[in-house]
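Going by this note's numbering, the sequence shown opens with residue 2, and the numbers climb by one from there.
Positions of the beta carbon are idealized from the N, C-alpha and C atoms, including for glycine.
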Amino acid sequence: MEISFARIDDRLIHGQVATVWTKVSGCNRIMCCSDEVAKDTMRKQLLLQVAPPGVKAYVVPVDKAVEAYNNPKYDSFKTLFLFTNPTDALRALEGGIPFKSINLGGMCFKEGTTLISSAVAVGPEDVKALVKLHELGIELDLRKLANESKGDVMAALKGKGLI
């Protein structure tokens with residue numbers, strides 16, 4: 002399986018992902034990796050329905066995504082991996098999916114989080130996972146839209162006093 006792109010976006014598949022990121026990445030598969038979402042039948046069905054034409058989507062727990070990545074049966078897949086949070090992306094990396102770069106594109110603000118960009122809010126667990134990903138040599142790219150310049154996640158975290 003080829004990794005065409007990896008993105009953390011708590012909405013998973015939505016307009017920008019379906020119309021722009023799939024084209025930019027050249028993927029033929031979208032794998033939404035989330036234990037929580039994989040258990041939510043309604044959300045899972047909605048995500049599968051909004052995949053763009055010609056791109057097959059899956060909503061699977063993180064461990065199943067790792068299994069699929071390592072299965073030669075899926076070698077023809079050019080996959081856009083989507084995660085709802087950095088902790089799941091870290092689990093996938095530690096499980097054996099060799100990401101080199103992960104885009105941090107959208108995490109909504111909620112109680113206990115801090116905005117580090119106009120579209121990304123992180124909590125303490127997110128910060129821990131992002132620091133660990135950085136320490137493992139993963140490029141962390143902060144941008145919501147494909148046509149934006151890549152932002153530096155670590156600089157954004159430092160700028161908010163989170164690390």
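{"Asked": "Ala58 in three-state terms, based on DSSP", "Found": "strand"}
{"Asked": "Continuous alpha helix (DSSP H) stretch holding Leu131: start and end", "Found": "125-136"}
{"Asked": "DSSP three-state assignment for Lys161, whether helix, strand or coil", "Found": "coil"}
{"Asked": "Whole alpha helix (DSSP H) elements within the segment 30-118, 4-residue minimum", "Found": "36-40, 42-50, 63-70, 87-96"}
{"Asked": "Coarse secondary structure for Ser150, derived from DSSP in three states", "Found": "coil"}
{"Asked": "Collapsed DSSP secondary structure at Ala122 in the structure displayed", "Found": "strand"}
{"Asked": "C-beta atoms of Arg30 and Lys57 nearer than 8 Å", "Found": "yes"}
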